Amino acid sequence: MPSIACFVSSHGFGHAARASAVMAAIQTRSPETHFEVFTQSPEWLFRDSLLGRFTYHNLACDVGVVQRSPLEEDLPATLERLAAFLPFDNALIDSLAEKLTALDCRMVICDISPLGIAAARRAGVPSILIENFTWDWIYAGYLDAEPRFAPYIAALSDLFRSADYHIQTEPVCQRVAWAALVTPPICRQPRLPAQETRRRLGIPPDARVALFTMGGIQSTLALTQHSSMPPNLYFVIPGAKAGGARIPRCIPLPFHSDFYHPDLVAASDVVIGKAGYSTLAEAYLANVPFVFIARPRFRETPSLVRFILEELGGFEIPEAGFQDGSWLQFLPHLLEEPRRSLLRQNGAELAAEFILNLYSSS
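Numbers given in the working numbering equal positions in the sequence shown, counted from 1, plus 5.
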């Protein structure tokens, strides 16, 4: 039976969450659709996100940016991996093209893997790029510090430009005239009512909930009790390191828990964490304010920050002052503000409709 391939960047969990949101929306409309997923993002993330059929292929689809920590990039390590990744090995592209043909893949979705675009072209099937930035654009932000990015920027720019169809999703970092579709933020849909998620977490119905998340990168929230912290505030922390938070009413969770991340966001009164795409998108859909730590060197950051302040509400925590907990004094005021009740459109629905129209005509 024909299938759709999806090549997904494993830089954090954001690309996997966004790609799985599109795949889930496609399977809601077309339950028989089978996906061939090529990535090094964890298989459980797709298993938890997709209700339909998929096959997982462990493959490094791009380099992204190597991280020393959730907020710090490692440029020398990134350049070292790029040197091993580009230019693509012809034997690898041939092998992937043969696999796409053998699996009867009629199209290839790429978020934001250039390898998938090259494999699709070799296999003679259309490629669909989904992005709010591309790696060539990100690397251009490091040129002053590392001129060695220049040849990789040129090669990746040509690859991304060669995608047959281009979907951009807000907040878009660099708009392109040839985009076939621009969508609102794309994210996975919550499944449970907020009160049911809170009940399962053991949180009283009248309590306030702050979700702390660093977007798929393990971190420590080394906070202590602050005098202005609301007495009924609970912290939920997916991916918490042992011995991290030293505050009362703290609920640490493993990355892969029984709780679906979009449900945790929808059950929260505020999200706190790294300004990243998937967290922003889930908070946007749920009308939850976002208290964020920005990554000053990462080129995507200004677009994310602008969108958060305009569309979600919240405030920025300076990285240097994050661990001392002084920002907690501003939480009570934010929690007292009425929660937005806007009816948001999930960009995954628009992307799925566009892709299925292409698929039905292929």
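From the three backbone atoms N, C-alpha and C, an ideal C-beta is built for every residue, glycine too.
Predicted model only: the values in this text are computed from it and were never measured.
Closest by C-alpha distance to residue i, when choosing among the options
i	options	result
R111	I122, V214, A123 and I9	I9
G352	C66, I256 and I31	I31
G5	K104, H16, I360 and T33	Only positions 6 to 367 of the chain appear in this structure, which leaves residue 5 out of reach.
V70	V275, N63 and P81	P81
K279	L269, H261, I322 and D268	I322
L55	Y265, D163, E316 and D109	Y265
L363	R73, V130 and V68	V130
I191	S365, A150 and R349	R349
M6	S331, A107, P343 and P307	A107
L361	G19, E37, F18 and F90	E37
L91	A128, C11, H62 and L161	L161
A124	V13, A212, Y144 and E103	E103
I277	L339, S308 and A128	L339
R204	A65, A272, A128 and F240	A272
S346	Q334, E316 and W332	E316
D211	P198, E201 and N237	N237
P47	S14, S74, P257 and Y239	S14
T218	T284, R180 and A182	T284
F335	Q72, G207 and A215	A215
Pair within 8 angstroms by beta-carbon distance, residue i and residue j
i	j	result
F59	F51	yes
A184	Q173	yes
I133	Y157	no
C178	W142	yes
V310	E287	no
E378	P152	Outside the displayed span of the chain (6 to 367) sits residue 378, for which this structure offers no information.
E78	F297	no
L84	F154	yes
S118	D67	yes
L186	F359	yes
I98	D116	no
P257	P337	no
Residue-chain proximity (residue i, chain C), Cβ-Cβ < 8 angstroms
i	result
K104	Protein chains in the displayed structure number just one, and chain C is not present.
Where residue i falls: helix, strand or coil (DSSP)
i	result
P257	strand
I191	coil
D263	coil
Y282	helix
E136	strand
F303	coil
V113	strand
I277	strand
H20	helix
Y61	strand
S366	coil
F165	helix
S232	Per-residue confidence for S232 stands at a pLDDT of 49, beneath the threshold of 50, marking its modelled position as unreliable; the derived number appears in the next sentence. Correct three-state label for S232: coil.
F154	helix
V310	helix
A271	helix
L186	strand
E77	strand
I208	coil
Q32	helix
Residue i: first and last residue of the uninterrupted beta strand (DSSP E) it sits in
i	result
I298	F295 to I298
L216	R213 to T218
Y170	Y170 to T174
S74	Q72 to S74
F40	F40 to T44
Any non-hydrogen atom of the ligand ATP closer than 7 angstroms to residue i Cβ
i	result
Y239	The ligand ATP is not part of this structure, which contains no ligands at all.
Start-to-end residues for the alpha helix (DSSP H) that takes in residue i
i	result
E48	E48 to S54
G319	Note, G319: premise wrong, no alpha helix (DSSP H); beta strand (DSSP E) at G319 to E321.
P243	Element bounds for P243: not the alpha helix (DSSP H) but the beta strand (DSSP E), L238 to P243.
S8	Premise fails: S8 lies in the beta strand (DSSP E), S8 to V13, not in any alpha helix (DSSP H).
F90	L80 to F90
A123	P119 to A128
P337	L336 to E341
S346	No alpha helix (DSSP H) contains S346, which DSSP labels as neither H nor E.
The region 17-27 in contact with the region 291-307 per 3-pair CB rule at 8 angstroms: A contact between stretches requires three or more CB pairs, one per stretch, nearer than 8 angstroms, and the region 17-27 fails this requirement with the region 291-307.
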